[in-house]
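Below is one structure, written out as structure tokens; comments come after it.
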Amino acid sequence: MSGDVLAVAEHRRGDLRPVSYELVSAGRELADATGGDLHVAVGGGDVETFADHLAVEGVDVVHTVAEGEEFNHDVCAAVTTALFESLAPTALLVPHSVNGLDYAPAVATRLSIPLVTDAVAIDYDDGVTAVRETYGSKVEATVEVETEPVALTIRGGEWPAAEGNGDPGIEPFDVDLDESALRSQVRGFEEVGTGDVDISEADFVVAVGRGIDDEENVDLAEELADALDATLAASRPVVDNGWLPKNRQVGQSGTVVTPDVYLALGISGAVQHVAGMKGSETIIAVNTDPDAPIFDVADYGVVGDLFEVVPELIERFG
Amino acid sequence: MKVLVTVKEVASVADDFEIEELAIPETYLEYDLNEWDDYAVEAAVRIAEDRDEAVEVVAVTVGPERSEETIRRVLAKGVDRAIRVWDDRLAEAGVTDPTTTARLLAAVAEREDPDLVLSGVQASDDGYGATGVALAERLDVGWAAVVNDFDLGDGEVDVRRELEGGVEELTTVSLPAVLTIQTGINDPRYASLRGIRQAQKKEIAVRTLADLGLDPSILDSDLILREVAKPEADADPTIFEGGPTETAADLETVLRDAGVGAE
Ligand SMILES: Cc1cc2nc3c(=O)[nH]c(=O)nc-3n(C[C@H](O)[C@H](O)[C@H](O)COP(=O)(O)OP(=O)(O)OC[C@H]3O[C@@H](n4cnc5c(N)ncnc54)[C@H](O)[C@@H]3O)c2cc1C
């Protein structure tokens with residue numbers, strides 16, 4: 006194996022996504038351990054500009070692929086496979102994003118190489134070892150990959166974003182796309198989940214999760230939000246159940262909030278939820294489970310039943 | 141037409157669990173149908189209900205005998221029949237990575253030859269989020285991951301993929317295809333009493349590696365589990381102890397210090 010690492014950057018609607026720079030840090034770290042170069046690939050859209058932005062410290066080569074405008078997984082899978090075959094790296098790194106989920110497993114299958122997804126740490130010592138979370142982040146599993154090369158998807162927010170000017174070579178990569186192998190066609194994009202309330206503007210947020218148990222109980226949370234002069238938000242299951250509208254959803258696929266106070270009631274703290282609230286100034290969690298991952302990001306916590314604590318709080322502020 | 145839906149019985153850990161070497165003892169585990177698969181099952185059953193032509197909905201799972209309880213519930217919701225892949229070798233091999241799971245499911249899918257495969261975005265226990273797309277690639281068919289709406293047409297399916305930050309992508313995929321289904325796409329039904337009764341009569345066919353013509357060597361995973369631990373907390377929150385009255389008083393202090401309730 007060459008020891009090289011190939012990382013595939015991600016962009017949407019003209020902008021590189023932050024995880025692309027985190028991928029560079031993860032890739033550099035791994036390439037240092039394997040003693041190889043870090044290759045970054047970017048395809049689709051204005052690849053010259055993307056390549057300029059990706060010319061950060063630690064990147065050895067940026068490969069640009071001028072195919073299409075936006076992400077299409079058939080194109081992305083074909084290009085990534087071709088580039089991988091031409092570079093023969095030790096590891097392929099892809100973001101564990103919605104689009105990463107949409108092509109990394111196909112590429113790993115096509116290349117017949119093992120795939121470890123959602124890595125939060127990667128190590129190399131004669132082979133790749135990755136740490137990943139299981140059982141809703143309550144357990145951490147260390148997985149060793151016995152063969153090389155390997156494909157990994159990395160969790161956003163776990164590595165620092167790479168910065169500082171670098172001087173990588175920029176190399177256009179030509180690929181012969183077999184148009185008949187394209188089975189999907191992207192028709193456009195749509196914003197969803199906007200409404201009367203913009204939770205991202207709120208200074209105080211009371212957020213309820215599945216622990217609220219029933220639609221009727223949402224009233225209790227609403228009452229608390231009123232008493233605290235806060236905005237009511239929710240985790241995904243509450244919205245999935247139709248108990249609150251989509252514009253109240255905090256998280257990866259919902260809204261990112263950064264209030265002064267985030268009070269999480271009956272929310273476990275799944276990674277996709279935490280992605281939307283970890284920037285809050287003060288995080289307070291009420292949860293019956295002492296091992297709930299929400300306590301890993303909280304400043305204050307109560308291990309207890311929200312149905313006992315919330316009425317007391319309403320009384321104090323009412 | 142035929143719809144194949146992949147389902148998994150997942151384990152969740154109880155509050156205050158322990159880890160013994162590389163495993164969590166059974167006493168701390170609770171089993172249930174994977175949340176994402178529940179939505180996939182509902183989507184599959186609705187296709188059967190909504191279309192004029194006859195639609196057969198088949199569920200496939202990889203799992204031990206215990207999982208039949210969960211699979212019965214899927215049958216009670218309107219799935220026509222189920223296939224459970226298992227044998228002694230699978231039981232011995234234990235951890236199966238998504239590549240192996242996709243291989244096993246692909247062997248079933250090749251025999252069933254469905255027009256559409258629905259799968260959950262991820263399984264809540266090991267959270268790989270890779271099985272559906274790996275399965276599509278193995279079957280050499282189209283796919284879409286993280287689908288929160290779809291409209292089945294002739295020879296193709298229009299999907300909405302839920303991207304990050306409240307943006308959805310509209311994509312058309314030619315059939316046959318595998319879609320990985322996101323929660324919230326529908327409102328999964330509860331099994332009716334009648335459904336539960338009918339489910340008792342439905343078939344759960346067990347298939348071994350040999351039945352599927354698979355070589356046991358496919359179970360030699362490249363991924364070796366080395367360590368299982370409770371994660372070390374990044375933050376060290378102040379935890380308030382005591383009954384609800386005391387903890388609420390403590391929370392009041394924190395909230396007022398942060399400016400809540402100040403007019
Ligand atoms: C691609 C993708 C995108 C996603 N996007 C989002 C997103 O934007 N936002 C989001 O939130 N999720 C998102 N999810 C879902 C996420 O993975 C979790 O499923 C979800 O966040 C769990 O919500 P929860 O914490 O409310 O429920 P659970 O995980 O079920 O947690 C409920 C918690 O309540 C506690 N509890 C129960 N009863 C009580 C009580 N009486 N008092 C106190 N505590 C109690 C329990 O101990 C538990 O910790 C996404 C998932 C995927 C795969």
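Chains as they are written, first to last, in the numbering used here: chain S, 6 to 323; chain W, 141 to 403. By construction, the Cβ of each residue, glycine as well, lies at the ideal position given by its N, Cα and C atoms.
- DSSP assignment within the stretch 235-313 of chain W yields the following whole alpha helix (DSSP H) runs of 4 residues or more, N-terminal first: 238-252 and 271-279.
- Separation of the CB atoms of W:R300 and W:V318 is rounded to 16 Å, and the pair is thereby denied contact status at 8 Å.
- A check of alpha carbon separations from W:A184 across W:R329, W:Q338, W:A375 and W:D362 identifies W:R329 as the nearest.
- Within the stretch 109-185 of chain S, complete beta strand (DSSP E) segments of at least 3 residues are found at 120-129, 133-139, 144-150, 155-159 and 174-177, given in chain order.
- Under the criterion of beta carbons closer than 8 Å, S:T152 and S:P119 qualify as touching, at roughly 6 Å.
- Taking 7 Å as the cut-off between beta carbons, none of the residues of the stretch 29-57 of chain S comes near chain W.
- The Cβ neighbour count for W:Q262, taken over all protein chains shown within 10 Å, is at least 16; the residue is labelled buried.
- In this structure, the straight-line span from the alpha carbon of S:R18 to that of S:E75 is close to 7 Å.
- Checking the 7 Å criterion, the Cβ of S:G306 is out of range of every heavy atom belonging to ligand 1.
- The beta carbons of S:Q257 and S:G198 sit about 12 Å from each other, so the pair does not count as a contact at 8 Å.
- Assigned with DSSP and collapsed to three states, S:L233 falls in helix.
- Runs of beta strand (DSSP E) with 3 or more residues, each lying fully within the stretch 202-234 of chain W, are found at 221-225, listed in chain order.
- For S:E313, no beta strand (DSSP E) segment is defined; the enclosing uninterrupted segment is the alpha helix (DSSP H) at L311 to F322.
- Counting the other Cβ atoms within 10 Å of the Cβ of W:T387 gives 16 or more, which makes it buried.
- Using a CB distance below 7 Å, the part of the stretch 362-385 of chain W facing chain S consists of D362, L363, I364, L365, R366, E367, V368, A369, K370, P371, A373, D374, A375, P377, T378, I379, F380, P384 and T385, ordered along the chain.
- Counting only runs of at least 3 residues, the stretch 242-297 of chain S fully encloses the following beta strand (DSSP E) elements, listed from N- to C-terminal order: 266-270 and 287-292.
- Take the alpha-carbon of S:R137 and the one of W:A402: they are about 43 Å apart.
- Ranked by Cα distance from W:V197, the first of W:A216, W:D355 and W:P238 is W:A216.
- Not a single CB atom of chain S sits nearer than 8 Å to the CB of W:V202.
- When the five nearest sequence neighbours on each side are left out, the beta carbons in the same chain lying within less than 7 Å of the beta carbon of W:P316 are those of P254, D255, L256 and V281, in order along the chain.
- When distances are taken from the beta-carbon of S:S273 to the heavy atoms of ligand 1, the shortest one is below 7 Å.
- Secondary structure of W:T146 (DSSP, three-state): strand.
- DSSP lists S:I289 and W:T378 as the bridge partner or partners of S:Y305.
- DSSP places S:H68 outside any alpha helix (DSSP H); the residue lies instead in the beta strand (DSSP E), whose first and last residues are V66 to V70.
- By the Cβ criterion, the stretch 232-244 of chain W is not in contact with the stretch 204-211 of chain W, since fewer than three pairs of Cβ atoms, one from each stretch, lie closer than 8 Å.
- Just so you know, the alpha carbons of S:F312 and S:G162 end up roughly 33 Å apart.
- The C-alpha of W:A222 lies about 8 Å from the C-alpha of W:T201.
- Beta-bridge annotation (DSSP): S:H44 is paired with S:L11 and S:V66.
- Taking the Cα positions, S:F322 is about 11 Å away from W:L391.
- S:N246 has its Cβ no nearer than 7 Å to any heavy atom of ligand 1.
- In this structure, S:G309 places its C-beta atom within 8 Å of the C-beta atom of S:T293.
- At a cut-off of 7 Å, the beta-carbon of S:D219 does not count as near ligand 1: no heavy atom of the ligand is closer than that.
- Distance from the CA of W:A389 to the CA of S:L229, rounded to the nearest whole angstrom, comes to 15 Å.
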